[in-house]
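A.B. asks: Line order of the protein sequences matches chains A and B.
Numbering-wise (my numbering), the first sequence opens with residue -17 and increments by one.
Numbering-wise (my numbering), the second sequence opens with residue 277 and increments by one.
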Amino acid sequence: MGWIIAIGIIVVLAFVYFSMYNGLVKYRNWVDEAWAQIDVQLKRRYDLIPNLVETVKGYAKHEQETLAKVVELRNLLGSKTSRQEQMEVNDQLSGALKNLFALREAYPDLKANENFKMLQEELTQTENKVAYSRQLYNNTVMKYNTKVESVPTNIIASVHNFEKRDMLEAREEERENVRVSF
Amino acid sequence: MILYEQIRKNKIKTVFIVVGFVLLVLGVGVVISYLNYGDPLPGLIFTPVFSLFYIGIVIMSSTNIVMKMNHAQEITSVDQHRFLWHTVENMAMVARVPMPRIFIINDASPNAFATGLKPEKAAVAVTTGLLDQLTREEVEGVIAHEVAHIKNYDVRLATVTLALVSVIAIMSDIGSRMLFFRSVGGRRDNNQNPIFMIVGLVLLILAPLIATLVNLAISRNREFLADASGAELTRNPDALASALEKIANIQTPVKEASRASASLYFSDPLKKKLSGLFSTHPNPAERIARLRSM
Chain A
-17 MGWIIAIGII
-7 VVLAFVYFSM
3 YNGLVKYRNW
13 VDEAWAQIDV
23 QLKRRYDLIP
33 NLVETVKGYA
43 KHEQETLAKV
53 VELRNLLGSK
63 TSRQEQMEVN
73 DQLSGALKNL
83 FALREAYPDL
93 KANENFKMLQ
103 EELTQTENKV
113 AYSRQLYNNT
123 VMKYNTKVES
133 VPTNIIASVH
143 NFEKRDMLEA
153 REEERENVRV
163 SF
Chain B
277 MILYEQIRKN
287 KIKTVFIVVG
297 FVLLVLGVGV
307 VISYLNYGDP
317 LPGLIFTPVF
327 SLFYIGIVIM
337 SSTNIVMKMN
347 HAQEITSVDQ
357 HRFLWHTVEN
367 MAMVARVPMP
377 RIFIINDASP
387 NAFATGLKPE
397 KAAVAVTTGL
407 LDQLTREEVE
417 GVIAHEVAHI
427 KNYDVRLATV
437 TLALVSVIAI
447 MSDIGSRMLF
457 FRSVGGRRDN
467 NQNPIFMIVG
477 LVLLILAPLI
487 ATLVNLAISR
497 NREFLADASG
507 AELTRNPDAL
517 ASALEKIANI
527 QTPVKEASRA
537 SASLYFSDPL
547 KKKLSGLFST
557 HPNPAERIAR
567 LRSM
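1. If I'm right that Asp383/B touches Lys531/B with Cβ under 8 angstroms, what's the distance once you round it to whole angstroms?
2. Checking 8 angstroms against the spacing of the C-beta atoms, do Gln282/B and Ala517/B come in under that value?
3. Among the candidates Thr510/B, Phe322/B, Leu492/B and Met369/B, whose CA atom is the shortest distance from the CA of His557/B?
4. Taking C-beta pairs closer than 9 angstroms, name the residues in chain B that Gln19/A reaches, listed in chain order.
5. Just list the residues that DSSP pairs Arg377/B with in beta bridges.
6. Does any C-beta atom of chain B lie closer than 8 angstroms to the C-beta of Lys111/A?
7. Starting from Phe322/B, trace the alpha helix (DSSP H) in both directions and tell me its first and last residue.
8. My guess is that Gly476/B and Val307/B are in contact by the Cβ rule of under 8 angstroms, so how many angstroms apart are they, rounded?
9. Based on the DSSP output, what are the partners of Thr528/B in its beta bridges?
10. Assess, as a yes-or-no matter, whether the segment -8 to 4 of chain A is touched by the segment 132 to 141 of chain A under the definition of 3 or more beta carbon pairs within less than 8 angstroms.
11. For Ala524/B versus Pro484/B, is the C-beta spacing smaller than 8 angstroms?
12. Run through chain C and tell me which residues come within less than 7 angstroms of Tyr114/A, C-beta to C-beta.
13. Nearest by alpha-carbon distance to Gly77/A: which of Glu109/A, Gly60/A and Ala94/A is it?
14. Below 8 angstroms on the Cβ atoms is my contact criterion, and I expect Leu55/A with Leu101/A to pass it. Report the Cβ-Cβ distance as a whole number of Å.
15. Listing by chain order, which chain A residues have their CB less than 9 angstroms from the CB of His362/B?
16. Less than 6 angstroms between C-beta atoms, sequence neighbours within five positions excluded: which residues of the same chain meet that for Pro513/B?
17. Return the first residue and the last residue of the alpha helix (DSSP H) that Thr135/A is part of.
18. List the residues of chain A whose Cβ lies closer than 9 angstroms to the Cβ of Arg284/B, in chain order.
19. Assign Met336/B to buried or exposed, taking buried as 16 or more other Cβ atoms, counted over all protein chains shown, within 10 Å of its Cβ.
20. Suppose you measure from the CA of Leu520/B to the CA of Tyr541/B; what does that come to, to the nearest Å?
21. Put Ile419/B into one of helix, strand or coil per three-state DSSP.
22. Could you check whether Leu105/A and Arg27/A sit closer than 8 angstroms to each other, using their CB atoms as the reference points?
23. For Phe389/B, which of helix, strand or coil comes out of DSSP?
24. Could you check whether Val402/B and Leu360/B sit closer than 8 angstroms to each other, using their CB atoms as the reference points?
25. With a threshold of 6 angstroms on Cβ separation, who are the neighbours of Trp144/A within its own chain once the five nearest residues in sequence on each side are excluded?
26. In terms of residue numbering, what span does the alpha helix (DSSP H) encompassing Gln68/A cover?
27. Taking just the CA atoms, how far does Gly296/B sit from Val354/B?
28. Looking only at its own chain, which residues have a Cβ that is under 6 angstroms from the Cβ of Ala16/A, when we skip the five neighbours before and after it?
29. Quick one: grab the DSSP three-state call for Asn159/A.
30. Identify the residues that DSSP records as bridge partners of Glu350/B: which are they?
31. Just verifying my parser: in three-state terms, what is the DSSP assignment at Phe164/A?
32. Report the option in Leu82/A, Val53/A and Glu87/A whose CA atom is closest to the CA atom of Val71/A.
33. I'd like to check one pair, Tyr41/A with Leu92/A: are the Cβ atoms closer than 8 angstroms?
34. Between Lys289/B and Asn428/B, is the Cβ-Cβ spacing less than 8 angstroms?
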């Protein structure tokens, strides 16, 4: 009788162990996925900007400075590898794009251009998406870190080298910038 | 109450109500069995079997409600409605659910609903009135509320609880008929306690009403939860609150809405005046107050 109980306890412990381990793996994968999501959105932004610049050039040749600023920041975004730097450049880019979009008031033909409208909407939406993917990332990291730190999952986390991840810092006004009203 | 606390409390409340509901179903089964045979055991065994069987059939036969709606137009590419498409995509991303299908209903009354038994099969529908009369942030808040319903499996919960309401109705109907025929037949065993008999009979008669009320209480509770989880997605509870304010102030009901689908909507589509025990949605003022306090 005793050994049946012993085996029962071992099976239960193994089950608990596996499920805690799997939980950690799931959250770590979610963190990676959320991280990749930010990349997807930044890449999309990067790809859309040349189209926008081309379209605007056709109507507003004299706005070289505004256009050059956007192109410069876009290239800078492509060259940065650290996430925190990317985020900073991305925020500056949002500001530069805002100036570019503002040109539509001075050039009615540009404002009426369907392609411009489409690109403006798409870029605005990728801006939202960057913000949301960043929020998703931070949210997921918070949940993952809580798991890594709390008892008893922290034992399994330390045995199998699940390490805490860093959240992306964002100032409150950056979040505000993102909300675009029309 | 802060956001996470609201979410937690609503979830705990759901668990309590659902457990109570299950006990009610079992109770009806036990009462019927006791009244007819003087033994609660057959009811205790038969009721869960019958309920599970019935829920299974309901879930398998429930078709997507959106499909049945004549004037809902599906948006299948981003070009058809950029803003709506992106907003739904954003909310689905943050909620970590697959992108639901999107439908637009041609109706001037601003409203929205979500459907689908699981996130993979989900759809959100919004009326043209919602897109026309609300600001972008407000629409985003409403979409977040609907995606929260999807994430929380509210359609499945509603389907199961509605099936249980039917189970109770069927059982109390059959139970009282059985009792009637037995007393007409005149073969009484007389081994039941008369006080239990009366209490049981009253319970049997009241059970369908109680079940309906419990079902509506769950529906209202899930609305509060969807508001809170929606606010967690957008981090902008004020936009959701102002959307609710606008929608509550418009008196035209949604033409396409039927009583059966009313509980799915963002805000009561039938615009009933009374709110309380018999409403599918909590009082908008109460929802707004909770959102503003986040």
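Just so you know, even glycine gets a beta-carbon here, dropped at the ideal spot from N, CA and C.
C.D. replies: Walking through what the data contain:
1. 6 angstroms
2. no
3. Leu492/B
4. Chain order gives the chain B residues near Gln19/A as Met369, where near means a beta carbon separation below 9 angstroms.
5. Ala399/B
6. yes
7. Leu317 to Ser337
8. Contact between Gly476/B and Val307/B is confirmed by a C-beta separation of about 4 angstroms, below the 8 angstroms threshold.
9. Paired residue(s): none; Thr528/B is not in a bridge.
10. yes
11. no
12. Structure shown: chain C not included; protein chains present are A and B.
13. Glu109/A
14. Not a contact, Cβ separation roughly 16 angstroms.
15. Glu103, Glu104, Thr106, Gln107, Thr108, Asn110 and Lys111
16. By the criterion of a C-beta distance shorter than 6 angstroms, Pro513/B is surrounded in its chain by Ala507, Leu567 and Met570, once the five residues flanking it on both sides are discounted.
17. Thr135 to Val141
18. None at all; the shortest Cβ gap to chain A is about 14 angstroms.
19. exposed
20. 12 angstroms
21. helix
22. yes
23. strand
24. Yes.
25. In the sequence on display, residue 144/A carries Phe and not Trp. Closer than 6 angstroms at Cβ, skipping near neighbours: Leu6 and Val130.
26. Arg65 to Ala84
27. 45 angstroms
28. Leu118, Tyr119 and Thr122
29. With a pLDDT of only 44 at Asn159/A, under 50, the local geometry of the prediction cannot be trusted, and the value read off the model is given with reservation. Helix.
30. Phe379/B
31. Because the pLDDT of Phe164/A is 40, which lies under 50, any placement of that residue in the model is unreliable, and the question is left without a value.
32. Val53/A
33. yes
34. no
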